[in-house]
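In this text, residue positions in the sequence shown follow UniProt numbering: the first is 1, and each later residue adds one.
Positions of the beta carbon are idealized from the N, C-alpha and C atoms, including for glycine.
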Amino acid sequence: MHGNANIIVVMSDKQQPKNAFVREQIKDKPKNYKRMWVRLGESAACGGVFALAVCLVLLFMIPVLRQEEGSVPDTGAQDSQQASVEETEQGSEEKEETQTPEERQPMTLDDYQQIQTELYAIGNTANKSIVTITGVVSDTDWFNNSYEREGQGCGTIIGESGGKLWILTEKKTIKDAAKIKVTFVNDAVAEAKLVGYDGNTGLAALTVDLEDLEDSTRNAITVMKTAGLNTIHKGSIVIALGSPLGTNYSILTGTITATNNEISTPDNNYSVYTTDIVASENGSGVLINMDGELVGVVMQSYSAASANTLTAVEISELMPVIDLLFADKEVPYFGVHISTVTQHIAQKYDIPKGVYIKKVEMDSPAMDAGLQSGDVIRSVAGQEVVSAEQFREVLLQLTPKETYSVTVMREGTKGYKKITCKLKAGVLQ
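(1) Quick check: the stretch 375-394 against the stretch 300-316, are there 3 or more CB pairs under 8 Å?
(2) Going by the beta-carbon positions, is the gap between Tyr-197 and Leu-325 smaller than 8 Å?
(3) Throw me the rounded Cβ distance for the His-337 and Pro-266 pair, which I believe falls under 8 Å.
(4) On the criterion of 16 or more Cβ atoms from any shown chain inside 10 Å, does Ile-158 qualify as buried, or is it exposed?
(5) Mapping DSSP to helix, strand and coil, what is Tyr-120?
(6) Can you name, in chain order, every residue of its own chain whose Cβ lies under 6 Å from the Cβ of Ser-146, other than the five neighbours on each side?
(7) For Asp-212, I'd like the list of residues in its chain whose CB is within less than 6 Å of its CB, leaving aside the five on either flank, ordered along the chain.
(8) Val-394 lies in the alpha helix (DSSP H); which residues open and close that run?
(9) Tell me whether the beta-carbon of Ser-236 lies closer than 8 Å to the beta-carbon of Asn-289.
(10) Judging by CA-CA distance, which residue of Ile-239, Ala-220 and Ala-312 is the nearest neighbour of Asn-261?
(11) Using a Cβ-Cβ cutoff of less than 8 Å, which residues in the same chain neighbour Thr-275 once the five nearest sequence positions on both sides are dropped?
(12) With Tyr-197 as the anchor, note down where its beta strand (DSSP E) starts and where it stops.
(13) Quick test of the definition: if touching needs 3 or more C-beta pairs under 8 Å, does the stretch 329-336 touch the stretch 394-401?
(14) Ser-405 by DSSP, collapsed to three states: which one?
(15) Less than 8 Å between the C-beta atoms of Val-360 and Met-367, yes or no?
(16) Would you report the Cα separation of Gly-228 and Asp-291, rounded to the nearest angstrom?
(17) I'd like to know whether the C-beta atoms of Ser-284 and Val-298 end up nearer to each other than 8 Å.
(18) Rounded to the nearest angstrom, how far is the Cβ of Thr-217 from that of His-233, given a contact under 8 Å?
(19) Just tell me which of Gly-202, Gly-370, Val-136 and Val-394 has its CA closest to the CA of Arg-410.
(20) The alpha helix (DSSP H) with Tyr-349 in it runs from where to where?
(21) Just to confirm the assignment, what range does the alpha helix (DSSP H) spanning Asp-323 have?
(22) Might you give, ordered along the chain, the residues of its own chain that have their beta carbon closer than 7 Å to the beta carbon of Tyr-120, omitting 5 neighbours on each side?
(23) Just verifying my parser: in three-state terms, what is the DSSP assignment at Lys-171?
(24) Does the separation of the CB atoms of Gly-354 and Val-386 fall below 8 Å?
(25) Taking the continuous alpha helix (DSSP H) assigned at Ser-216, which residues delimit it?
(26) Buried or exposed, going by whether 16 or more other CB atoms sit within 10 Å of the CB of Asn-144?
(27) Let me know the secondary structure DSSP gives Arg-410 once reduced to three states.
(28) Quick check: is any heavy atom of the ligand PLP less than 7 Å from the C-beta of Val-182?
(29) Given a cut-off of 8 Å on the beta-carbon distance, is the pair Trp-166 and Thr-207 in contact?
(30) I need the DSSP call for Ala-240, collapsed to helix, strand or coil.
(31) Along the chain, where does the beta strand (DSSP E) that runs through Ala-204 open and close?
(32) Bridge partners for Val-182 per DSSP, in chain order?
(33) Closest Cβ-Cβ distance between Asp-141 and chain C: below 8 Å?
(34) Using CA coordinates, which residue listed in Leu-318, Lys-414 and Ile-130 is at the minimum distance from Leu-203?
(35) Could you give the first and the last residue of the continuous beta strand (DSSP E) run that contains Ala-258?
(36) Three-state secondary structure (DSSP) at Asn-6?
Written out as C-alpha cells, the structure reads:
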C-alpha cells in the first residue's frame, strides 16, 4: 500500500489462468485546485502583512537615523588621527630612547657676575634704610681745653610712628655722647634723640622727628621691613649691610653656614646665625634676605674669639626688647643664665621640670634675692614657667624696681624642696 492511492486489480478472462499472478497499477490522486488557491492566498496575505510592518519600522527609524547622522564621528578620520598620534608617541618614545640626556651647562664668569649684580641691586635698594650714626662727645685735653670727638657707627630705620622715625643702632656708638647726629643716604643730616638702650644686647633706640626732614630726604629713605619667622635656614643667601668691615653702606653677600647655634646671655638665650661673610670684630650692621627684609642684627660680640666671619642674632627674638625700647620702657633684669629642663632631662637626671639656673651674675637682683646655681625656677610673679622662652616672656612683662615672688625648687639632703624668694627687678646698665 502506498499512502492514500487506490489500488485497482484488473483481471482478463483470456489471459488469466487459474494460477496467474496478480499485477498492480497505481493511479495518481486527482488535483484539488481549490485548496491550492486558498494556500496561495494565505501566503500572499502573510507577505503583505510583513511588507507593511517593514514599511512602518522604516518610516519611524529614518528620521532618528538622520538626526544622529550629524553627531556620528567620522570613524575613518578618528582612526587616522589615532594612528597618527600613536605613530607620533611611538616616534617620541623611540626618540627619547635614542636621545642622550642634555648635560647641564657649567656657569660662566658672566653668570656669576649677573648674580652678584642682582644681589648688589637688592642691597643698594635696602641701603635707603641705612643711616650713619655719629656720637659727639665733649672732652678736655691736658691743657684743659675743650674739644669734641666723634664716634661713628651704622643704624637702621626699622619703623615710623607718631611723626618719628625709629632707628636701631648700638649703644657703643653713642656711649657718653652729648649730641647724636644721623646722616641719611642722601647725605642729609638730622639730630636724633636717645630713647633707651638694653645693657644686655647692647642695642639702642633712637628717634628722629619727621618734621626736621625735607621732602627730598623723606622720599630718599625707606623703612626696612622685618622678615617673618623661620625664613632663614642653612645655605640661605643673605646680604650684609651697614659697616661689617668698618665702612658704612657696604654691601657684602654670602650664605648662612649655621642656624642652630645659641648664645647664653643674662635672662635670655638667643639664636645666632653664622655666615661665611668676612667681618671685623668691631663690625656692625644688619642681615637681609633676598627680598630685602631684615632677618638679623650683626653682633660680633657674640661670635667666637677666633672667628673673622659675620655673626647675627635673629631679629624675631630681639623684637620684644626692641619694642620695649621704642615704647620708652626699661628692660627688666634678673641676672640669671638659664636653660630648659625638658621631660627627657628631668627623667634622666631626676630634676624637676622648669627653668634651670646655670649661673647667677655677680651683684645682680637674682643674687640679692638669694637665687643660686642649680635652682629650678617654677614660677615668676605668680605665673608658671616651664621653659626658658616662657621665662623671658614673663620677665619682659615686669616693671623694673618692682618686687616679685620667684618660686624655685632647690636640692637639699632630702631631695628638692620648694623655696619662694622676693626679687626686685633691676635694669642692666
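Answer, in terms of the structure:
(1) Result no; under three Cβ-Cβ pairs closer than 8 Å.
(2) Start at 1 with the first residue of the sequence shown, and residue 197 comes out as number 197. Start at 1 with the first residue of the sequence shown, and residue 325 comes out as number 325. Yes. Within cutoff.
(3) The count along the sequence shown starts at 1 and reaches residue 337 at position 337. The count along the sequence shown starts at 1 and reaches residue 266 at position 266. Correct: roughly 6 Å between the Cβ atoms.
(4) Within the sequence shown, residue 158 is the residue found at index 158, counting from 1. In the assembly as shown, Ile-158 is a buried residue. Its beta-carbon has 16 or more other beta-carbons within 10 Å.
(5) As a first step, residue 120 must be located in the sequence shown, where it is residue number 120. Reduced to three states, the DSSP call for Tyr-120 is helix.
(6) In the sequence shown, the residue the question calls residue 146 occupies position 146. Here the set comprises Thr-140.
(7) Taking the first residue of the sequence shown as position 1, residue 212 is located at position 212. Taken in chain order, the residues that qualify are Ala-190.
(8) Working through the sequence shown from its first residue, we reach residue 394 at position 394. Annotation: the continuous alpha helix (DSSP H) that includes Val-394 extends over 388-395.
(9) The count along the sequence shown starts at 1 and reaches residue 236 at position 236. The count along the sequence shown starts at 1 and reaches residue 289 at position 289. Yes; because the gap between Cβ atoms is below 8 Å, this pair is in contact.
(10) Numbered from 1 along the sequence shown, position 261 holds the residue referred to as residue 261. Checked all of Ile-239, Ala-220 and Ala-312; the closest Cα to Asn-261 is Ala-312.
(11) Looking up residue 275 in the sequence shown gives position 275. Shown here for Thr-275: same chain residues with a beta carbon closer than 8 Å to its own, the five before and five after excluded, namely Val-238, Ala-240, Gly-254, Thr-255, Ile-256, Thr-257, Leu-287, Thr-309, Leu-310, Thr-311 and Ala-312 in chain order.
(12) For the purposes of this step, residue 197 is taken as the residue at position 197 of the sequence shown. It spans 189-197 - the beta strand (DSSP E) in which Tyr-197 sits, taken as one unbroken run.
(13) Short answer: they touch.
(14) Position 405 of the sequence shown, counted from the first residue, corresponds to residue 405. Correct three-state label for Ser-405: strand.
(15) The residue given as residue 360 occupies position 360 in the sequence shown. The residue given as residue 367 occupies position 367 in the sequence shown. Contact: yes.
(16) Along the sequence shown, one-based indexing puts residue 228 at 228. Along the sequence shown, one-based indexing puts residue 291 at 291. Straight-line Cα distance between these residues: approximately 11 Å.
(17) Your numbering for residue 284 matches position 284 in the sequence shown. Your numbering for residue 298 matches position 298 in the sequence shown. A distance below 8 Å separates the beta carbons of Ser-284 and Val-298.
(18) As a first step, residue 217 is located in the sequence shown; it is residue number 217 there, counting from the start. As a first step, residue 233 is located in the sequence shown; it is residue number 233 there, counting from the start. Contact doesn't hold; Cβ gap of about 37 Å is too wide.
(19) Stepping through the sequence shown from its first residue, residue 410 is reached at position 410. The residue from Gly-202, Gly-370, Val-136 and Val-394 with its alpha-carbon nearest to that of Arg-410 is Gly-370.
(20) Counted from its first residue, the sequence shown places residue 349 at position 349. That run of the alpha helix (DSSP H) goes 343-349.
(21) Locating residue 323 in the sequence shown gives position 323, where the first residue counts as 1. For Asp-323, the enclosing alpha helix (DSSP H) starts and ends at 315-326.
(22) Against the sequence shown, residue 120 aligns to sequence position 120. Sequence-distant partners of Tyr-120 (beyond 5 residues in either direction) whose C-beta falls short of 7 Å from its own C-beta, in its chain, are Ile-251.
(23) As a first step, residue 171 is located in the sequence shown; it is residue number 171 there, counting from the start. If DSSP states are grouped into helix, strand and coil, Lys-171 belongs with the helices.
(24) Position 354 of the sequence shown, counting from 1, holds the residue named residue 354. Position 386 of the sequence shown, counting from 1, holds the residue named residue 386. Cβ distance < 8 Å, so Gly-354 and Val-386 count as in contact.
(25) As a position in the sequence shown, residue 216 is number 216, starting the count at 1. Counting along the chain, the alpha helix (DSSP H) containing Ser-216 begins and ends at 215-220.
(26) Taking the first residue of the sequence shown as position 1, residue 144 is located at position 144. Per the 10 Å Cβ criterion, exposed.
(27) If you number the sequence shown from 1, residue 410 lands on position 410. Here DSSP, grouped into helix, strand and coil, assigns Arg-410 to strand.
(28) This structure does not include the ligand PLP; it has no bound ligands of any sort.
(29) Here the question's residue 166 lines up with position 166 in the sequence shown. Here the question's residue 207 lines up with position 207 in the sequence shown. Contact flag set, yes.
(30) The count along the sequence shown starts at 1 and reaches residue 240 at position 240. DSSP places Ala-240 in the strand class (E or B) of the three-state scheme.
(31) Taking the sequence shown and counting its residues from 1, one reaches residue 204 at position 204. DSSP places Ala-204 in the uninterrupted beta strand (DSSP E) bounded by 203-209.
(32) As a first step, residue 182 is located in the sequence shown; it is residue number 182 there, counting from the start. Residue pairing by DSSP puts Val-182 in a beta bridge opposite Ile-133 and Ala-190.
(33) Among the protein chains of the structure shown there is no chain C, as only one such chain exists.
(34) For the purposes of this step, residue 203 is taken as residue 203 along the sequence shown, with counting starting at 1. Of the candidates Leu-318, Lys-414 and Ile-130, Leu-318 places its Cα closest to the Cα of Leu-203.
(35) Looking up residue 258 in the sequence shown gives position 258. Here the beta strand (DSSP E) through Ala-258 covers 250-265.
(36) Position 6 of the sequence shown holds residue 6. Its pLDDT being 42, under 50, Asn-6 is placed unreliably by the model, and the measurement read from it follows with that caveat. Coil.
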